[in-house]
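J.: If you count the sequence shown from 1, position 92 lands on 93 in the numbering used here, and the numbers rise without skipping.
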Amino acid sequence: MPEEDENSEERNKFMFYTALLDQGYWVAGSVLGAVAGTFIPFDMNGVSFALTALFIELMIEQILRIKKILPFAIFILVTITVTLLFPGRYSLLSAMIISLGLVQIFSRIGRQAPC
Numbered sequence: 002m003p004e005e006d007e008n009s010e011e012r013n014k015f016m017f018y019t020a021l022l023d024q025g026y027w028v029a030g031s032v033l034g035a036v037a038g039t040f041i042p043f044d045m046n047g048v049s050f051a052l053t054a055l056f057i058e059l060m061i062e063q064i065l066r067i068k069k070i071l072p073f074a075i076f077i078l079v080t081i082t083v084t085l086l087f088p089g090r091y092s093l094l095s096a097m098i099i100s101l102g103l104v105q106i107f108s109r110i111g112r113q114a115p116c
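1) For the region 75 to 89 and the region 30 to 42, state whether three or more C-beta atom pairs, one from each stretch, are separated by less than 8 Å.
2) Over what stretch of residues does the alpha helix (DSSP H) that includes Ile70 continue unbroken?
3) Any contact of the region 100 to 113 with the region 61 to 75, i.e. 3+ C-beta pairs under 8 Å?
4) Rounded to a whole number of angstroms, what is the C-alpha to C-alpha distance between Thr53 and Ala35?
5) Taking only three categories from DSSP, how would you classify Tyr18?
6) With DSSP run on the structure shown, which of helix, strand or coil describes Asp44?
7) Indicate whether Ile61 and Ile70 have their beta-carbon atoms separated by less than 7 Å.
8) Between Gly89 and the rest of its own chain, which residues show a CB-CB distance below 8 Å, the 5 nearest in sequence each way excluded?
9) Look at the alpha carbon of Val83 and the alpha carbon of Leu94, and state the distance between them as a whole number of angstroms.
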């Protein structure tokens with residue numbers, strides 16, 4: 002038993018120092034990036050396109066991984082509808098909440114349907 006306590010204590014120490022180093026690297030990298038960002042001019046043209054393309058690619062990967070298109074179709078249709086009906090700053094948040102609710106409802110209905 003004393004051996005287990007010793008190993009457990011060593012493991013806890015190791016995990017603590019690993020987490021401490023990870024946090025230190027994160028903070029140092031963030032500070033370095035912030036300082037460098039003030040000195041390096043950066044043109045933001047095209048960033049919005051790149052982020053949109055990234056999210057579309059991530060969505061396609063998720064569709065292929067889970068092999069269910071219904072949640073994504075619901076989200077797309079609700080987003081378009083909400084944006085047309087309520088243009089403004091809360092349209093995306095509203096679309097997400099409505100979509101999540103509809104996906105939950107449809108998934109419960111799907112589970113209750115006879116095979």
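Quick reminder that beta carbons are idealized off the backbone N, C-alpha and C, glycines included.
T.: Reading off the structure:
1) Segment contact: the region 75 to 89 against the region 30 to 42, fewer than three CB-CB distances shorter than 8 Å; contact not assigned.
2) Bounds of any alpha helix (DSSP H) do not take in Ile70, whose DSSP letter is neither H nor E.
3) Verdict: yes, contact present.
4) Their Cα atoms are separated by approximately 24 Å.
5) Note: Tyr18 maps to helix in three-state DSSP.
6) In the three-state DSSP reduction, Asp44 falls in the coil class, being neither helix nor strand.
7) In this structure, Ile61 keeps its C-beta atom at 7 Å or more from the C-beta atom of Ile70.
8) There are no such residues.
9) A straight line joining the alpha-carbon of Val83 with that of Leu94 spans about 10 Å.
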